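Q: First residue of the sequence shown: 1371, per this note's numbering; consecutive thereafter.
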Amino acid sequence: MQKAPLPIPRTEMTWSAVYDGKVHVIGGYDYKGGFQGRYHQVYDPKANAWSEKAPIPQGANHIGLAVLNDKIYAVGGFLEQNKTPHNKVFAYDVAANRWAEVAPLPKPLGAVATVTLNGKIHAIGGRDTVSVGDHYVYDPATNTWSELAPLPGARDHTGAVVVNGFIHVLGGRFNQFEYNTNLHHVYSPNTNQWKERAPIPTPRSGHGAVWYRNRIFVFGGEGNGFVYGQVEAYDPTTNSWQSYASMPTPRHGMGASLVDDTIYIAGGGPVTGGSLMTSTNEAFTLGTQGR
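1) Quick one: residues in its chain with C-beta nearer than 7 angstroms to the C-beta of residue 1429, no 5 flanking neighbours on either side, listed in chain order?
2) Report, in whole angstroms, the separation of the C-beta atoms of residue 1475 and residue 1459, which I expect to be a contact under 8 angstroms.
3) Assuming residue 1387 and residue 1437 make a contact with CB atoms under 8 angstroms, what is their CB distance in whole Å?
4) Write down the C-beta distance between residue 1572 and residue 1602 rounded to the nearest angstrom, noting that I regard them as a contact closer than 8 angstroms.
5) Who are the near neighbours of residue 1513 in its chain, counting only those whose CB is closer than 8 angstroms to its CB and skipping five residues on each side?
6) Work out the CA separation of residue 1399 and residue 1648 for me, nearest whole Å.
7) Tell me the DSSP secondary structure of residue 1372 in three-state form.
8) If I follow the unbroken beta strand (DSSP E) through residue 1491, where does it start and stop?
9) Less than 9 angstroms between the C-beta atoms of residue 1538 and residue 1585, yes or no?
10) In angstroms with no decimal places, state the Cα-to-Cα distance between residue 1562 and residue 1536.
11) Using DSSP with H/G/I as helix, E/B as strand and the rest coil, what is residue 1537?
12) Once the 5 residues before and after residue 1510 are set aside, which same chain residues still bring their CB inside 7 angstroms of it?
13) Bridge partners for residue 1593 per DSSP, in chain order?
14) Quick test of your reading: residue 1524 and residue 1495, contact by CB under 8 angstroms. State the CB separation rounded to the nearest angstrom.
15) Suppose contacts are defined by Cβ-Cβ distances below 9 angstroms. Is residue 1393 in contact with residue 1614 by that definition?
16) If you reduce the DSSP assignment to three classes, tell me which class residue 1381 lands in.
17) Could you check which residue in 1421, 1450, 1534 has the C-alpha nearest to that of residue 1488?
18) Roughly how many whole angstroms lie between the Cα atoms of residue 1499 and residue 1447?
19) Which partner residues of residue 1455 appear in the DSSP bridge assignment?
20) Among 1642, 1528, 1449, which one has its Cα closest to the Cα of residue 1554?
21) Going by beta carbon distance, what residues of the same chain come within less than 6 angstroms of residue 1550, once the five residues before and after it are set aside?
22) So, using beta-carbon positions, are residue 1371 and residue 1653 closer together than 9 angstroms?
23) Does DSSP classify residue 1621 as helix, strand or coil?
24) Which residue wins for smallest C-alpha separation from residue 1581, given the options 1564, 1570, 1596, 1605?
25) Nearer than 8 angstroms: is that true of the beta carbon of residue 1570 relative to any heavy atom of the ligand FAD?
26) Are the beta-carbon atoms of residue 1629 and residue 1415 separated by less than 9 angstroms?
27) With distance defined between alpha-carbon atoms, name the residue in 1497, 1479, 1565, 1540 nearest to residue 1519.
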């Protein structure tokens, strides 16, 4: 389903974040060739409309994004096209429409996977000058970062989803998008250990991932000279994957956001790399299927 397009076509934004039933899309490459977009646009599915919010203090692309305690956290990002990462972290107060800087990442990173688990923010993998497996956790109560067990198979541009108290990290790339991987690792906070699970059928990077109807859905991505429209879903109870209807507009460099029973995917790149971008906003739902 086609929905109201992004106000400005762009790609390599943050992973999109959902707060109070609205989708926040921040930063990215813009159509003017800028790599430090300060954009902060919010999509309201009920109104099928976009609005502008306070811009992020440090514009960037490939920013990590996580929601915790009524705030949206923006973690790291690149200041140039897929290079020159920074370590700044900003917290957005939704009610006040205001950003504040908090403790920085221990090192500069872009294309880092960020998720919220047990009241803390995990930042996993990413890239400095090469792909890394670093795993850091942020505690808002103390405004500090600490280090945890590294991700096996250092990589960036992954997808990450929390399921029943475990962190799933899916796919990604080793340094360049020509070297995609189908690796799928799961992290247990109780043991501080990683275990391998069934690999993604389509190796990919720069994809969207979201938990929906008891499965992890993975959308789009790029690699090996192609941009993917494939939609695949992982069932943790059977440790298996299943294919679904492909995206009408194949792309990479975007997030996937669940609001109610519908997944929204806005923007992204319709060709490999960052030379082209789109404002397309499409919605996916299983409807009465798969219940």
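Positions of the beta carbon are idealized from the N, C-alpha and C atoms, including for glycine. Because the structure is a prediction, the values reported are computed rather than measured.
A: In short, the structure shows the following:
1) 1397, 1406, 1407, 1408
2) 6 angstroms
3) 5 angstroms
4) 6 angstroms
5) 1472, 1473
6) 11 angstroms
7) strand
8) 1490-1494
9) no
10) 11 angstroms
11) strand
12) 1438, 1439
13) 1596
14) 7 angstroms
15) no
16) strand
17) 1534
18) 13 angstroms
19) 1448
20) 1528
21) 1543, 1573, 1574, 1575, 1593
22) yes
23) coil
24) 1605
25) Here there are no bound small molecules, and the ligand FAD is not part of this structure.
26) yes
27) 1565
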